[in-house]
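Numbering (the numbering used here), first residue to last: 260 to 340.
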């Protein structure tokens, strides 16, 4: 049976960043916190991390609302034809 990886070994494993990870970095950059985040987030205060998370939620809500509005417009066009 293989030995379990240490936390340091787990950190070394590179994963392809997903959409939320990209959004996190984009938001941190906009808030000027990307350098702190680059240091593995250890230097981020709870307040700073909350700012990033809060802005991410706002962006996700806005994107969802825009997608829903677009879907509604598309449905309305289909109904009229």
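Even glycine gets a Cβ: it sits at the ideal position worked out from N, Cα and C. Keep in mind the model is a prediction, meaning the values are calculated, not measured.
- Query: What's the C-alpha gap between residue 348 and residue 337?
  - Reply: Nothing about residue 348 can be read from this structure; the chain reaches only from 260 to 340.
* Asked: In this structure, does DSSP put residue 278 in helix, strand or coil?
  -> Position 19 of the chain shown, counted from the first residue, corresponds to residue 278. Looking at residue 278 - three-state DSSP - the assignment turns out to be helix.
I need the boundaries of the alpha helix (DSSP H) containing residue 296, first residue and last residue. Within the chain shown, the letter at position 37 stands for residue 296. Per DSSP, residue 296 belongs to the alpha helix (DSSP H) from 293 to 297.
Q. Taking the Cβ atom as the reference point for each residue, do residue 290 and residue 318 lie within a distance shorter than 7 Å?
A. The residue you call residue 290 lines up with position 31 of the chain shown. The residue you call residue 318 lines up with position 59 of the chain shown. No; because the gap between Cβ atoms is not below 7 Å, this pair is not in contact.
Less than 8 Å between C-beta atoms, sequence neighbours within five positions excluded: which residues of the same chain meet that for residue 284?
Taking the first residue of the chain shown as position 1, residue 284 is located at position 25. Cβ neighbours of residue 284 beyond the five flanking positions: 276, 293 and 296.
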